[in-house]
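Enquirer: I have a structure I would like to understand better, so I am pasting it below and will then ask my questions one at a time.
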Amino acid sequence: MTNENKLDELKNKITNLGEDLKYKVNEAQLQGDKTVDDLKHKVAEIKLESEKALHNLNKEADAKYTEGKVSFDEKVNHAKAETPVTGNNVQDKLDHLKEEASHKLEEAKLKATEFKQEASVKFDELKAQAGTKFDELKKTATDTLNKFKKDDQG
């Protein structure tokens, strides 16, 4: 073989290798494109799932907020409903206490009247006793005075 034949043969081999290399590069590029497309698809799926999860969380949060608000409103309304009853109870108790105080005042007035009458009777008794004692003392003093007079005259 001559150098020229060898050179032609090498050119042919290089051309064949170049074409094989082109096919391999195209194949690798297609494989890379496919992988990129798969990744883009996966990213889109993950994004969609994330949006769904966020939407569900928002719905749950709204439901819990609404449930909590309803519960709170019910408790407030219950408390408001009990307040007039409590107010009425307080008024009833106040009226009852006023009535009891009025009865106690009447009882105290009656007791005071009884004590006044008893004191008046006791005072009259003591006054009578004092009068009697005074009269006795007066008579004793008069007798003693008369006795001294007799003793002085005699």
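The sequence shown lines up with residues 19 to 172 when you count with our numbering. Heads up, the beta-carbon is just placed ideally off N, CA and C, and yes, glycines get one too.
Give the straight-line distance between the Cα atoms of residue 66 and residue 35, rounded to the nearest whole angstrom.
Expert: By 1-based counting over the sequence shown, the position of residue 66 is 48. By 1-based counting over the sequence shown, the position of residue 35 is 17. Cα-Cα distance, rounded: 46 Å.
Enquirer: Under the three-state reduction of DSSP, which class applies to residue 20: helix, strand or coil?
Expert: Position 2 of the sequence shown, counted from the start, is the residue given in the question as residue 20. It is coil, neither helix nor strand.
Enquirer: Between the C-alpha atoms of residue 27 and residue 37, what's the straight-line distance to the nearest angstrom?
Expert: As a position in the sequence shown, residue 27 is number 9, starting the count at 1. As a position in the sequence shown, residue 37 is number 19, starting the count at 1. Whole-angstrom Cα-Cα distance: 15 Å.
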